[in-house]
Amino acid sequence: MEFLYYMGDVFTPINFGLLLLGTIGGLILGATPGLSPTMAVALLIPFTFKLEPQQGLILLGAAYTSTVAGGAVSAILLKIPGAPANIATTLDGHTMATKGEGAKALQLSFIASAIGGLFGVFLLIFLTPVLAQWALAFGPSHLFWLAILGVTVIGTLDSSSVVKGLLSGCIGLWLATIGFDDIMGAQRFIFHPAVSGGINVIPALIGLFAIPQVITMFTKGRRNDDAEVINVKKHPIRLAFVEVFKRKTALAIGTITGSIIGLIPGVGGQIAGLVAYDQSKKFSKESDKFGTGHSEGVIAAESANNAMVGPSLVPLLTLSIPGSPTAAVLLGGLLIHGIFPGPDLFMNYPQVAWTFIDSMLIGQLLMCIFGLYIAGLAASVARVPHAVMAAIVLGLAVFGSYSVQNSMGDVYVMATLGLGMYFLERFGFSAAPLVLGLILGPIAEANFIQGSMIANATVGKATYFFTGWLNWLLILIVSASIAYSVWMEIMARRYTTKDDAVAKEEALS
Amino acid sequence: MTDLPRNQHIFASGLIAAVGVSIAYISFTQEPADAFIFPRLISSVFAVLAIWTFGKAILGRTKVGNGISYDAMRNMLPGLIVAIIYVYWAAKAFGFYTATAIAFFILLSLYDPSPHSELKSWGKRLLITAGFIAVMYGLFAQLLNVFTPQEIFF
């Protein structure tokens, strides 16, 4: 119950103010189509430099939580999901809005999000210390395999193509080796003075997530794609609470599905909502009503989206392995304050860790309260023309990456990686494994070198890295994730025509 | 798959394969060898996967990624040129705030759907640009104390 001890720290004026700012800002950013939660959090990192570590994390955590929920506003009122995680919400939420039940749909989505989110954070609270204790026994070989596991699981599960996913991971791992070698001091792949100190993670994250979005907005040209915001009629909030608790099965399915999916590195919120929606439809007594503006569809999808937020941070806080791109960005937020997460995080920085987790708990409640009141404003912001949005994001990316070390080199790195990532994405590569490779590369290398030294002095490399039940387990999971993804890819090709694949790609892009 | 994406896939995967092979070559030839143990491991996998992807592209078996259509290329090119000039040259040469204001205004003018013939549209663009720069100055120069090259003026 250590989390209760630090609960008071959340309510200091600055911490609570930042929590409010992150929550309200996140709701508005989340409602803006084209601004993914990952990109929003990445753009916010430079604003945390001047803050204390826990204050910075409170801001980033609140933004992460509320951008996921805020995406429901544009999904319901504009039929444009604010983030990929809100696709399932559009199915019933927008239909409810067109029937004049927009306020009800928004209320259901925020209440379900808060309940799912609270469950997810409690899972984070109770699982993290247990796993952290267990992770203390990990040696260099295990940490090496864990880092490889992080890259391969995301590379295989998060990408449309297994080979391209793994290749993205390799590009990230290679980028991480640029600069001076830590042990020998040798120069590696320094082809421009801007990268002589290696690639700084923050500008890289900003570039990889923000610049492809900017270019995608450019590709739309001068098209006027103003969506019509549906007006909402008042709906008593008490009835929304009654409705949510009346739909217990959908709420439970959404919450549990989201939590489980959140725990699996690489799977993330993109599919949590869709899987929960699908499962809820299967178990519902009114399955024929799904897609026609049924409240269960909104409740299942939104509770799942936010339930996955807490569990997705478990691998990050216990093993220093970010389980999702947004967790990778949060890791960047920790690293700039000199804090490296891992099993000893709760011993060395208990105040930072617990205040952050507690703030996510309170953040869920604030998100529910403010979400209900500022939904209308958020929907108006969601109509900001893409020309304005592209220019704003570009400006923020340049200023944000420069402010990391007051270096133009970081701006060049940000722009070059972002430009490259846009073109890679157009050819089926994904940013998530690349980012994970970039972040986990130094962990993998340091533990590989350390493990090799121990192995050379004792049992030899092969025995050290390939024997022992934990090594076997990790290698098995790496192999299984690759095998499973290859199998799924083969099956998908068997049942999918080329035209279907092209249509799916277009929809995703 | 039409010829456009197929040719693009061949070009893109060929480029990635070339990078992969170059990295592998550098990793295996540079000294001290101990500093390149991990890059050798990574680059070997990188090169193999990149060549595999290139082979699939040549055989026309690439299943994911639609490449870039002519329309998308035509639309993005002006913005991309402005962004590249802004990031790689103007920000340092003109000062961050001046360059950002110019780039922001040009991008708005290029992509804002409001008609160019109306004076009101130009006024709106100027106002948005001025508002954005004021916010950026307040946030970065005043709040975060970030000293950018040349600051506001030349």
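Protein sequences appear in the order of chains A and B. Position one of the first sequence corresponds to residue 1 (UniProt numbering), numbered consecutively onward. Position one of the second sequence corresponds to residue 1 (UniProt numbering), numbered consecutively onward. No residue lacks a Cβ here, since even glycine has one placed at the ideal position from N, Cα and C.
Requested in this report: Please name the residue in 198(A), 185(A) and 183(A) whose C-alpha comes closest to that of residue 174(A).
Outcome: As a position in the first sequence, residue 174(A) is number 174, starting the count at 1. When only C-alpha atoms are compared, the closest one is 198(A).
Report task. Look up residue 405(A) in the DSSP assignment and give the residues it is bridged to. Result -> Here residue 405(A) corresponds to residue number 405 of the first sequence, with the count starting at 1. Here residue 405(A) is not bridged, per DSSP, to any residue.
Query raised in the report: Quick one: what's got a C-beta closer than 8 Å to residue 413(A)'s C-beta in the same chain, skipping five residues either side?
Result: Indexing the first sequence from 1 puts residue 413(A) at position 413. Cβ neighbours of residue 413(A) beyond the five flanking positions: 194, 195, 199, 200, 203, 204, 207 and 401.
Query raised in the report: With burial defined as no fewer than 16 other Cβ atoms inside 10 Å of the residue's Cβ, what is the status of residue 12(A): buried or exposed?
Result: For the purposes of this step, residue 12(A) is taken as the residue at position 12 of the first sequence. With fewer than 16 Cβ atoms within 10 Å of its Cβ, residue 12(A) is classed as exposed.
Requested in this report: Could you tell me whether the Cβ of residue 200(A) comes closer than 9 Å to any Cβ of chain B?
Outcome: Counted from its first residue, the first sequence places residue 200(A) at position 200. Chain B contact via Cβ: absent.
**Report entry** Cβ distance (whole Å) where residue 524(A) is taken to contact residue 72(A) below 8 Å
**Finding:** One cannot answer for residue 524(A) here, as it falls past the ends of chain A, which runs 1 to 509.
**Report entry** Given residue 365(A) as reference, the closest of 276(A), 19(A) and 6(A) once Cα atoms are compared
**Finding:** Residue mapping note: residue 365(A) aligns to position 365 of the first sequence, counting from 1. Among 276(A), 19(A) and 6(A), the Cα nearest to that of residue 365(A) is on 19(A).
Query raised in the report: Measuring CB to CB, does residue 105(A) end up less than 9 Å from residue 117(A)?
Result: In the first sequence, counting from the first residue as 1, residue 105(A) sits at position 105. In the first sequence, counting from the first residue as 1, residue 117(A) sits at position 117. Contact flag unset, no.
Query - Nonlocal neighbours in the same chain, by C-beta distance under 8 Å from residue 78(B), ignoring five residues either side - result: On the second sequence, residue 78(B) is found 78 positions in, with the first residue counted as 1. Same-chain partners within the cutoff: 110.
Query raised in the report: chain A partners of residue 117(B), CB-CB under 7 Å?
Result: Along the second sequence, one-based indexing puts residue 117(B) at 117. Within chain A, no residue comes near residue 117(B); the closest Cβ sits about 13 Å away, beyond 7 Å.
Query raised in the report: Do you know offhand how far residue 427(A)'s Cα is from residue 40(B)'s?
Result: In the first sequence, counting from the first residue as 1, residue 427(A) sits at position 427. In the second sequence, counting from the first residue as 1, residue 40(B) sits at position 40. Rounded to whole angstroms, residue 427(A) to residue 40(B) spans 26 Å at the Cα level.
Requested in this report: Starting from the C-beta of residue 16(B), find all residues in its chain whose C-beta is less than 6 Å away, skip the five residues before and the five after it, and write them out in chain order.
Outcome: Taking the second sequence and counting its residues from 1, the one referred to as residue 16(B) is at position 16. Closer than 6 Å at the Cβ level, and outside the excluded window around residue 16(B), lie 50.
Query raised in the report: Any C-beta of chain A sitting closer than 9 Å to the C-beta of residue 94(B)?
Result: Residue 94(B) sits at position 94 when you count from the first residue of the second sequence. False, the Cβ-Cβ gap to chain A never drops below 9 Å.
Query raised in the report: Between which two residues does the alpha helix (DSSP H) carrying residue 445(A) extend?
Result: Here residue 445(A) refers to the residue found at position 445 of the first sequence. 431-457 is the extent of the alpha helix (DSSP H) around residue 445(A).
Query raised in the report: residue 385(A) to residue 76(B), Cα distance in whole Å?
Result: Position 385 of the first sequence, counted from the first residue, corresponds to residue 385(A). Position 76 of the second sequence, counted from the first residue, corresponds to residue 76(B). The alpha-carbon atoms of residue 385(A) and residue 76(B) are separated by roughly 16 Å.
Requested in this report: Would you tell me roughly how many angstroms separate the C-alpha atoms of residue 281(A) and residue 70(B), rounded to the nearest one?
Outcome: As a first step, residue 281(A) is located in the first sequence; it is residue number 281 there, counting from the start. As a first step, residue 70(B) is located in the second sequence; it is residue number 70 there, counting from the start. Their backbone Cα atoms lie some 41 Å apart in a straight line.
Query - For residue 187(A), the residue or residues it bridges with in DSSP - result: In the first sequence, residue 187(A) corresponds to position 187, counting from 1. DSSP output for residue 187(A) lists 180(A) as bridge partner(s).
Query raised in the report: Does DSSP put residue 340(A) in a helix, in a strand, or in coil?
Result: Here residue 340(A) corresponds to residue number 340 of the first sequence, with the count starting at 1. Coil at residue 340(A), not helix or strand.
Query - Proximity test, Cβ basis, 9 Å: residue 45(B) and chain A - result: As a working note, residue 45(B) is residue 45 in the second sequence. Residue 45(B) belongs to the set of residues whose beta carbon lies under 9 Å from a beta carbon in chain A.
Query raised in the report: What residues from chain B crowd round residue 174(A), counting only those whose CB sits closer than 8 Å?
Result: Against the first sequence, residue 174(A) aligns to sequence position 174. Going along chain B in sequence order, the residues near residue 174(A) (Cβ under 8 Å) are 23, 39, 42, 43 and 46.
Query raised in the report: How should residue 523(A) be labelled, buried or exposed, when 16 other C-beta atoms within 10 angstroms of its C-beta is the threshold for buried?
Result: The question about residue 523(A) has no answer here: the residues shown for chain A are numbered 1 through 509.
**Report entry** chain B contact for residue 488(A) (CB, 9 Å cutoff)
**Finding:** Position 488 of the first sequence, counting from 1, holds the residue named residue 488(A). Cβ-Cβ to chain B under 9 Å: no for residue 488(A).
Requested in this report: Please name the residue, chosen from 291(A), 153(A) and 152(A), that lies closest to residue 89(A) on a Cα-to-Cα basis.
Outcome: Residue 89(A) sits at position 89 when you count from the first residue of the first sequence. The shortest Cα separation from residue 89(A) among 291(A), 153(A) and 152(A) belongs to 291(A).
**Report entry** Rounded separation between residue 144(A) and residue 38(B) - CA only
**Finding:** In the first sequence, counting from the first residue as 1, residue 144(A) sits at position 144. In the second sequence, counting from the first residue as 1, residue 38(B) sits at position 38. Going from the Cα of residue 144(A) to the Cα of residue 38(B) covers about 11 Å.
**Report entry** Own chain partners of residue 177(A) with C-beta closer than 6 Å, once the 5 adjacent residues on each side are dropped
**Finding:** The count along the first sequence starts at 1 and reaches residue 177(A) at position 177. Contacts found: 188.
Query raised in the report: chain B beta carbons: is any one of them nearer than 9 Å to that of residue 12(A)?
Result: Working through the first sequence from its first residue, we reach residue 12(A) at position 12. So no, residue 12(A) is outside the interface.
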